[in-house]
Structure formats: structure tokens, C-alpha cells
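Residue numbers (the UniProt record's numbering), protein chains in the order written: chain B, 1 to 714; chain G, 1 to 225. The C-beta atom is built at its ideal place from N, Cα and C for all residues, glycine as well. Since we're looking at a predicted model, the values are computed, not measured.
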Amino acid sequence: MGNKVLTICPYCGSGCHMNLLVEDGKVVGAEPANGRTNEGNLCLKGHYGWDFLNDPQILTSRLRKPMIRKEGVLREVSWEEAIQFTAQKLTAIKEKYGPDAIMGTGSARGPGNEANYVMQKFMRAVIGTNNIDHCARVCHGPSVAGLTYSLGDGAMSNSIPEIEDTDLLFIFGYNAAVTHPIVARRIVKAKQKGATIIVSDPRKTESARIADTWLPLKGGTNMALVNAFGHVLIEEELYDKDYVSNYVEGFADYKENVKKYTPEYAESITGVKAGDIRKVMRQYATSNKAMILYGMGVCQFAQAVDVVKGLASLALLTGNFGRPSVGIGPVRGQNNVQGSCDMGALPNVYPGYQSVTDSKIRKKFEKAWGVALPDKIGYRLTEIPHLVLKEDKVKAYYIFGEDPVQSDPNAAEVRETLEKMEFVIVQDIFMNKTALHADVILPATSWGEHEGVYSSADRGFQRIRKAVDPPGDVKPDWQIISEIATAMGYPMSYRNTEEIWDEMRALCPSFEGASYKKMEEQGGVQWPCPTEDHPGTPYLYEGNRFSTANGKGRLFACEWRAPLEQPDEEYPLTLSTVREVGHYSVRTMTGNCRALSQLSDEPGNIQISPVDASSLGLEDGQLVRIISRRGRVMARAQVSDRVKKGATYMTYHFWIGACNELTGDALDPVSKTPEYKYCAIRLEKIPDQLRAEQQVREQYESIRKQMKAGAGQA
Amino acid sequence: MMKERPNSFVIAEVGKCIGCKACELACFAVHNRDNGVAAAAGTVTMPVIPRLQVIRTDSFTMPVQCRHCENAPCAGVCPVQAIRQKDGVITIDEERCIGCKACAMICPFGAISLDKVYSSGEEHKQPTLRERQKDGLERKTRVIAYKCDLCKDITYTGNEASGEIGPAGAATGGNGRGLTEGGGGLVPACVSVCPEQALKLVDPGLGVSRSRTAAGLNSLRSLEI
Chain B
1 MGNKVLTICP YCGSGCHMNL LVEDGKVVGA EPANGRTNEG NLCLKGHYGW DFLNDPQILT
61 SRLRKPMIRK EGVLREVSWE EAIQFTAQKL TAIKEKYGPD AIMGTGSARG PGNEANYVMQ
121 KFMRAVIGTN NIDHCARVCH GPSVAGLTYS LGDGAMSNSI PEIEDTDLLF IFGYNAAVTH
181 PIVARRIVKA KQKGATIIVS DPRKTESARI ADTWLPLKGG TNMALVNAFG HVLIEEELYD
241 KDYVSNYVEG FADYKENVKK YTPEYAESIT GVKAGDIRKV MRQYATSNKA MILYGMGVCQ
301 FAQAVDVVKG LASLALLTGN FGRPSVGIGP VRGQNNVQGS CDMGALPNVY PGYQSVTDSK
361 IRKKFEKAWG VALPDKIGYR LTEIPHLVLK EDKVKAYYIF GEDPVQSDPN AAEVRETLEK
421 MEFVIVQDIF MNKTALHADV ILPATSWGEH EGVYSSADRG FQRIRKAVDP PGDVKPDWQI
481 ISEIATAMGY PMSYRNTEEI WDEMRALCPS FEGASYKKME EQGGVQWPCP TEDHPGTPYL
541 YEGNRFSTAN GKGRLFACEW RAPLEQPDEE YPLTLSTVRE VGHYSVRTMT GNCRALSQLS
601 DEPGNIQISP VDASSLGLED GQLVRIISRR GRVMARAQVS DRVKKGATYM TYHFWIGACN
661 ELTGDALDPV SKTPEYKYCA IRLEKIPDQL RAEQQVREQY ESIRKQMKAG AGQA
Chain G
1 MMKERPNSFV IAEVGKCIGC KACELACFAV HNRDNGVAAA AGTVTMPVIP RLQVIRTDSF
61 TMPVQCRHCE NAPCAGVCPV QAIRQKDGVI TIDEERCIGC KACAMICPFG AISLDKVYSS
121 GEEHKQPTLR ERQKDGLERK TRVIAYKCDL CKDITYTGNE ASGEIGPAGA ATGGNGRGLT
181 EGGGGLVPAC VSVCPEQALK LVDPGLGVSR SRTAAGLNSL RSLEI
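Structure representation (C-alpha cells):
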């Protein structure tokens with residue numbers, strides 16, 4: 001008979017509890033369990049997303065042995081050889097160019113918090129640099145920066161279960177139906193319980209469909225709209241004067257900065273009717289409990305941090321903090337992107353969001369880790385191409401559980417960057433596009449094969465558990481990193497993940513009470529959890545005391561800036577990158593799940609309005625060529641009533657229709673997050689569809705061959 | 001004598017559906033255990049053929065599936081009597097179906113679709129009819145009409161214990177067919193898997209129900225007639 005192993009779903013930040021069904025050492029099924037956020041529900045990825053563990057080799061293949069590139073070819077080697085080689089190369093590069101010539105990543109996906117803690121400790125204590133970052137940079141990086149400025153914590157101030165009990169839900173650039181179906185469930189429930197729903201999105205998302213008011217703004221005009229909201233709150237004296245004078249600072253400057261953004265002026269920029277702007281702010285300000293949820297439609301612009309601060313300002317002006325079912329929620333995308341931020345896989349903070357430039361904090365970590373630590377903030381992930389290609393500053397890259405060639409903008413530039421570097425380490429579970437450029441491949445255990453903790457989007461630490469033994473000769477991530485550290489002369493040895501966790505929480509005041517035992521007993525612990533007898537914190541800022549230096553919330557507004565690359569005669573359409581519900585991230589996991597990959601497969605789609613489709617003579621389902629200044633790909637046209645004329649959307653999961661061959665590398669000046677949501681493209685009709693279909697099949701086969709899929713199938 | 005009941009059917013609430021297609025996958029998985037979807041390893045070679053389709057227009061999103069009409073027009077036009085009423089379900093006899101499309105054309109809901117037949121994960125070739133392919137004449141794949149059977153007409157010959165692509169409950173589903181626990185009783189796979197609880201199995205009684213009458217009166221009141 002089989003057994004059930006309780007764990008957390010590895011897809012998205014909803015943090016759903018689930019049971020893996022195990023028979024004869026293999027996972028054979030999944031069923032929902034009763035978690036805090038999911039209450040016995042799973043979406044299709046939770047139900048059907050486990051069978052990549054059995055390595056069906058649909059898109060790629062599992063990495064089973066360490067590999068070193070010899071005479072240009074990746075060859076299998078022993079762990080001993082791989083660890084020694086990696087340690088020697090890193091040591092040599094550190095000696096020749098200095099520690100800042102080495103960059104490392106955390107991983108927001110399967111590895112878990114303990115592996116991220118060990119990775120950032122390795123970069124800081126062993127290499128001697130703060131050059132550690134991860135995919136939060138291309139995602140909710142602006143939330144971490146913006147909310148830390150405004151409120152003091154870069155996380156959801158509220159909890160997922162609180163969503164359904166709010167009176168007004170303001171959803172900005174966030175498509176919960178495809179990003180977090182289990183959070184979407186709370187939005188649907190809120191609507192049914194009578195909440196007013198307001199959605200600001202250029203596309204008619206599922207939330208927009210059920211909204212009381214949908215504000216279909218023009219892409220790239222967020223700041224103008226958010227400023228106009230602030231303008232209405234002040235002009236109509238809708239803001240909470242007592243709250244602002246007691247708990248908030250920066251009002252005079254804020255008032256001055258939003259002055260020019262009358263709803264009429266904003267309408268001229270955003271296309272949203274001035275009357276609607278006034279109406280929704282009156283509703284927002286007069287609701288007893290109002291909550292903001294936002295997502296990538298805010299963060300993936302070159303003006304992102306400003307908009308995050310602007311949205312937080314609306315909640316501050318109306319006193320929507322310190323109670324249940326209010327506040328602001330940046331709903332984190334990947335399963336453990338909150339966790340990799342919590343663990344300090346960021347260039348400016350240690351674990352627990354403690355600044356690397358604060359000498360008192362640095363001394364604490366120096367004492368704990370027994371080495372001198374660097375005081376300079378490290379490089380951000382998205383600066384690496386420039387630092388390598390233009391400034392020649394970074395020579396080695398330790399890529400842990402990420403696939404930047406697929407996930408980062410301007411893929412051609414990323415490939416050129418990796419090729420120019422002296423040493424590239426890829427530590428992963430699947431062969432991927434980045435691994436093609438690796439000098440060393442270190443194969444790791446997957447979710448389902450190791451223990452650890454994930455942080456859900458609403459600051460909830462929850463235990464993941466081992467269900468099956470891994471295939472081949474692979475090791476847990478934290479163990480691989482520890483062995484390299486030891487080989488470099490900094491002995492690291494942990495018996496298990498709990499030992500790592502306990503070392504971490506002893507250094508982080510806000511996580512200190514979140515023991516494995518408490519997670520077992522409660523099902524999870526939401527931080528802050530400062531002491532052993534503290535149950536955790538569902539919502540932040542009780543008593544309206546913020547985590548900023550003086551305890552006050554900070555208002556912010558500034559001028560709107562247009563996106564960098566505007567459509568023109570040659571590239572007349574705009575492209576925004578989005579997600580689809582049945583796939584996850586770079587698709588190495590869901591692309592290797594049998595049912596999910598059959599439901600939606602290569603080359604992926606481009607959503608286009610009926611008007612643009614007919615003017616180009618395109619039919620739904622036809623293959624079409626998409627061209628930007630940086631690259632060209634093929635995808636299937638998906639003609640949709642819900643898309644506005646002039647705009648197109650592609651999901652970033654597909655390898656043939658790889659939208660990041662097209663996207664630009666414009667960055668937000670503060671968070672350095674790329675402008676995935678806006679670049680200029682043109683579409684070309686393909687007259688010979690049969691030939692194009694054949695090309696897609698050939699391209700898929702060639703990718704599978706490169707990824708060694710189908711070679712040694714289990 | 002037991003009072004005869006109208007057929008049940010599954011319907012979605014438009015206000016709750018988010019278009020995630022979990023229902024489509026659950027339907028596919030539970031109906032294709034013999035096509036390799038039941039095994040934990042190996043590749044699913046057939047495309048996803050769900051018996052309900054998530055439809056998305058400008059103003060609504062919901063899956064569309066068979067209403068199991070009491071006077072099923074599809075049965076009326078089937079020239080080979082493949083569509084029948086059986087145990088409270090309108091079913092298509094897949095062996096008997098000739099793929100004439102009459103049922104698909106007459107169905108007012110668009111709940112019937114034509115697709116290829118698979119057995120053991122391979123396309124099921126016909127014994128006689130051939131078509132010209134690149135490499136000469138080949139036996140044509142059998143194509144039939146598919147629609148919702150309320151998970152009551154599922155055959156599965158394989159070993160239940162080998163596991164399957166969920167919903168997990170269906171792997172060991174008490175009745176050995178496709179019904180799973182959920183919503184206070186045994187329900188079709190699509191209903192039990194829906195994370196939004198947007199789908200429900202409607203089990204109508206004969207005549208007019210009290211709640212229906214009350215709802216009718218209420219709507220009249222709101223029209224101020």
C-alpha cells in the first residue's frame with residue numbers, strides 16, 4: 001500500500017497544502033490538503049503538476065550526474081572532481097580579479113529557504129561579496145524596494161484568507177485567475193460576500209470581468225493614474241486627516257506632487273475616464289475596509305518602484321492599515337520568492353531584511369560566521385549583462401535554480417553574457433537553456449525529494465517534506481554549496497535543514513520564534529514571529545506603527561514617465577509578457593508534466609485584438625512571426641475580444657515562442673526590474689502555414705535533443 | 001413505484017469560474033486511464049480531449065457541457081441509435097458512433113465535439129476506410145462524437161493501484177467508475193476538482209420546486225410589476 005506525504009505545492013506563492021501519494025518509491029498522485037490559504041483546494045498545477053518527478057522527458061531531462069565541460073563538451077564526472085574543480089576555479093578568479101568579480105543567485109523555486117540561506121552565506125562569507133540576487137529582481141523587486149520605503153516591510157501587509165472579508169478590493173495590474181487561482185478564489189468569495197471590486201488593467205482579466213468598475217488604462221501609464229487617485233483623495237478631502245497627522249509623513253510634498261494630476265489630465269494620458277477615477281476613489285475612501293492587491297502589471301515597468309510607493313500612499317491616506325482585511329498585497333508569484341527575499345538572497349540585505357551597510361548588523365553576522373564581511377551593496381541580477389559586456393567586471397556566475405536565458409529580457413544579450421564569462425556554474429534539477437552555456441553542472445534534488453521551508457506570498461513559513469528518493473547521483477542544494485565552501489577552505493557542515501534553519505533564525509529577530517516544531521503544530525507561521533511563545537502575525541502594523549525608522553508611513557508621488565520603447569511605423573504594436581494558468585515559469589517543471597503539457601504546448605500564443613488580427617489578415621490559431629529590435633520568434637495567434645487594439649500579450653513559458661527574445665532591457669532606476677510589460681513589435685503573416693507547422697515540430701525536436709530528452713528515458 | 005427523476009447535469013456559475021481548465025484536465029484524466037493517463041511514468045501520447053470546453057468571450061467565462069436533455073435532440077438525429085438514455089444519463093455508444101456529426105450540429109449548447117479515438121495511447125485505425133498520406137494509402141483514424149457522461153460511463157481495465165493523474169480521489173473512487181467524493185456526495189470529476197467551487201451537479205426534481213417559485217416571485221418584485 002502507498003502512503004501520503006503532506007507538503008506544500010511547488011507552484012506559485014499561494015502556499016497550498018497538499019498530499020503526495022507515494023507507491024513503491026514513486027509519486028503516483030496528488031490530492032489537496034487543508035491548508036490555511038487553500039482550505040482543501042488545488043488548482044490544475046497542484047492536481048496535475050507532480051509527474052515531472054518521474055522524468056517523462058517531454059521537454060527536457062533530469063540532471064543525474066555532475067558534469068564538467070571538457071574540450072567544449074559537457075562530460076559526466078564524479079562529485080569529488082566537480083566540487084574540487086568548482087572550488088579551484090572560483091578561488092583562482094577571486095584571487096585574480098577580487099571577490100566582486102563573482103556573482104551568485106538564490107533560487108525562488110524548489111530548493112527552499114535553507115538552501116537560499118546557505119547560498120547567500122557562501123557568497124558573503126566564502127567568496128566575500130554581496131553579489132547575490134535572484135529572480136525577485138525581475139518580478140517583485142520593486143515591491144521590496146517600494147514598500148520598504150513606504151511601510152518598512154517588503155511584503156504583503158495582509159493575509160490571503162483576509163481577502164474575502166474586505167468591503168472593497170482594488171486590484172491593480174494583477175491577474176489572479178492565471179497567476180494564483182487559489183487567491184482568485186478569495187476574490188470570487190469577496191464578490192459573493194458583497195465587496196465592491198475595482199480592477200485597473202489594460203486587459204479584461206477574469207477579475208475585470210466580475211468587477212463593479214473596470215479601469216482599462218493604457219499600458220505604461222500607471223503612475224499618472226495613481227497620482228490622479230491621490231489628487232482626488234486630497235482635492236475632495238476624502239483622506240483620513242487624523243490618521244495622516246498621527247501615523248504618516250510627507251503629506252505636504254505629496255500634495256504638491258499630485259496637484260497637477262487632475263482626473264482630466266490623467267484621462268488624457270491613461271484613457272481612463274475622469275468620472276471613473278473620481279468614482280472609484282470615493283468608494284475606496286468611504287469603505288470601512290479596503291484592500292489593494294497588485295502584481296506584475298505594476299512591477300514590470302521601468303517606472304515601478306514609484307508606482308508601488310504611490311499605491312501604498314493611497315492606503316496610508318485612507319488609514320487602511322493595522323486591521324484585518326485592509327492594507328496592500330503584492331502577491332508574490334513564485335512559490336518561494338518571498339522566502340528567497342526573507343533569506344537575504346538580495347545584494348543589500350542579510351537574512352531577515354537586515355542591511356549590509358549597517359555596521360552593527362554586519363558585526364553580528366561577522367561574529368556568527370567567523371569572517372570579515374563586505375560592506376558594499378552587491379550587483380543586481382539585471383545589471384550583469386552590462387557589467388560583463390560593457391564594463392568587463394564580472395567573470396564568474398554561480399546560477400542556482402534559475403534559467404536566465406529563458407526568463408530574463410533580451411535573451412540574445414544574456415547568451416552573449418554567459419559566453420563571455422570565464423566560468424559559469426549551473427546548479428539545477430533539469431537541463432535548461434542556461435545550462436547549455438555552463439562550464440560545470442551540479443545536479444540537485446527536486447521539490448518532493450528534500451526537506452525544507454517555503455514562505456508563502458503572505459509571509460507564511462510552511463514545511464515541505466521529502467516524499468521520494470531522487471534519481472541518479474544528485475544532492476540537496478545546501479549540501480552541494482556546503483561542499484564547495486569546505487573545499488574553498490571555509491568548512492560548512494550541516495546535518496539537516498533544521499540545523500540551518502535554527503542558525504538562520506538565531507540571527508533574524510523577526511523570524512526567531514518560527515521553529516520547525518511550531519510550523520508542525522500550527523501548519524505554518526507568518527512572520528514577524530519574534531519569540532518562541534509568539535504565534536506569528538497575520539497582518540502587519542497593529543496600532544499603526546510602521547517598520548520604518550521613525551515608525552511612520554511615508555507618502556510618495558512623482559512625475560509619470562512614459563515607457564522607454566514606444567511603437568513606431570516599423571514596430572507598430574506593443575508587447576507585454578504575461579502568464580498562463582497551466583504552466584509555471586520557464587516550464588522545465590510543467591513542460592515535463594504529461595497532462596499539463598498536452599493541455600498547452602509549444603510554440604505558445606500571442607494574444608491580439610480582433611481589429612489588429614483582421615487588418616493583418618490573421619486567423620485564430622495561425623502561426624505568426626513576431627519581430628522586435630532584438631529578435632524574432634514564431635507563435636500561434638490567439639484572437640481575443642479582451643485585448644485592446646495595438647496591444648499584444650505573450651506568455652513567457654514557451655521555448656519556441658520565447659517572448660524574451662523580443663523584450664527590451666530597459667530597467668527601473670531603483671529596483672533594476674526590466675520593462676517586460678512594454679516593448680515595440682511587429683507581426684508578419686506567414687503565407688505557408690504547413691511549412692511553418694513543420695518548422696515548429698523540427699524546432700521542438702531540436703530543443704528536446706539539446707536537452708537530452710528521450711535519450712535515457714526512465 | 002419510485003417516482004421517475006429528470007436527468008442530472010453539471011453547470012458552472014459564470015460569476016465564479018476563472019477559466020483555469022482544471023475541469024478539462026480532470027475530465028480528460030478520468031476518461032483516459034486506459035490511454036496511459038493512469039500510469040505514473042511514461043508519456044501521454046494523446047492530446048487532451050475533454051468532454052466539456054471552457055469558453056471565454058468578452059463578457060463570460062465558463063465550461064460548456066451536456067445538459068442531458070430529457071428529449072435529447074441529439075438522440076433524435078442519430079442515424080445509428082448510438083445515443084441513448086441510460087441510468088439517468090444521455091450517453092453516446094462509442095462503438096456504434098459513425099462520426100456523422102449530426103448530433104454535434106443539432107446540440108443547442110455546442111456540448112458535443114468530434115475527435116479521434118485512442119486506444120492504449122495510440123490512434124485507433126479503422127479496418128477498411130483508407131486515406132492518402134505522404135507515404136501512400138493508410139488506414140484512417142476513427143473519429144467519434146464525445147460529450148459529458150457525468151463520469152458514469154467510464155471503463156477502466158487497468159490496475160487501479162498503478163496510480164493515475166488525479167484527481168486523486170478518482171484513483172480509488174469507490175464505485176470503480178469516475179465519480180469522486182465532493183459536495184456532500186459522489187460527483188463527477190470536474191465538480192470535485194474545481195478550486196473555485198464554480199461547478200455543481202444539479203439534481204432537479206420533477207415539477208416546480210419551492211425555491212424556484214420563490215426566486216421567480218422575487219424577480220417579478222424587482223421588476224416592480
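Asked, Found
"Interface flag, residue 12/B vs chain G, CB-CB below 7 Å", "no"
"The segment 55-74 of chain B touching the segment 5-18 of chain G, judged by at least three CB pairs closer than 8 Å", "no"
"Spatial distance of residue 230/B from residue 151/B (CA atoms)", "17 Å"
"Contact set between residue 405/B and chain G, taken where Cβ atoms lie within less than 8 Å", "Ordered by position in chain G, no residue passes the 8 Å Cβ test against residue 405/B, which lies about 26 Å from the chain."
"Straight-line Cα distance separating residue 662/B from residue 627/B", "7 Å"
"CA-to-CA distance, residue 366/B to residue 190/B, given in whole angstroms", "48 Å"
"Minimum Cβ-Cβ distance from residue 48/G to chain B less than 7 Å", "yes"
"Length at least 4, wholly inside the segment 344-393 of chain B: the alpha helix (DSSP H) runs in chain order", "359-369, 384-389"
"Contiguous beta strand (DSSP E) assignments of at least 3 residues, all confined to the segment 109-150 of chain B", "none"
"Assigned exposure category for residue 201/B - 16 Cβ within 10 Å defines buried", "buried"
"Coarse secondary structure for residue 694/B, derived from DSSP in three states", "helix"
"Sheet register partners of residue 649/B (DSSP bridge)", "576/B, 607/B"
"Contact with chain G by residue 581/B, beta-carbon distance below 7 Å", "yes"
"Inter-stretch contact (C-beta, 8 Å, three-pair minimum) for the segment 8-24 of chain G and the segment 187-204 of chain G", "yes"
"Counted within 10 angstroms of its Cβ, other Cβ atoms place residue 315/B as buried (16 or more) or exposed", "buried"
"Coil, strand or helix - residue 437/B by DSSP", "helix"
"Beta-carbon proximity check, residue 604/B vs residue 651/B, cutoff 7 Å", "yes"
"Cβ neighbours of residue 51/G in the same chain (closer than 6 Å, five flanking residues each side left out)", "27, 146, 147, 148"
"Exposure of residue 62/B, with buried meaning 16 or more beta-carbon neighbours within 10 Å", "buried"
"Contact with chain G by residue 312/B, beta-carbon distance below 7 Å", "no"
"Exposure of residue 309/B, with buried meaning 16 or more beta-carbon neighbours within 10 Å", "buried"
"Residues in the segment 5-18 of chain G having any Cβ partner in chain B nearer than 7 Å", "15, 16, 18"
"Expected contact under 8 Å - CB spacing of residue 13/B and residue 456/B to nearest Å", "6 Å"
"For residue 462/B, the residue or residues it bridges with in DSSP", "454/B"
"Sheet register partners of residue 172/B (DSSP bridge)", "200/B, 294/B"
"7 Å Cβ cutoff met for residue 305/B and residue 145/B", "yes"
"Cβ-based neighbour list, residue 22/G, same chain, cut-off 7 Å, excluding 5 preceding and 5 following", "193, 194, 195"
"Rounded C-alpha distance that separates residue 710/B from residue 164/B", "46 Å"
"Between the CA atoms of residue 103/B and residue 41/G - distance to the nearest angstrom", "Its pLDDT being 49, under 50, residue 41/G is placed unreliably by the model, and the measurement read from it follows with that caveat. If I take the Cα positions, the gap works out to 38 Å."
"Burial state of residue 14/G (16 or more Cβ within 10 Å)", "exposed"
"With 16 other Cβ atoms within 10 Å as the buried cut-off, status of residue 128/G", "exposed"
"Selection from 52/B, 19/B, 17/B, 18/B that minimises the alpha carbon distance to residue 583/B", "52/B"
"Within-7 Å CB hit, residue 206/B to chain G", "yes"
"Where residue 46/G falls, given that 16 or more other Cβ within 10 Å makes a residue buried", "buried"
"For residue 85/G: DSSP bridge partner residues", "90/G"
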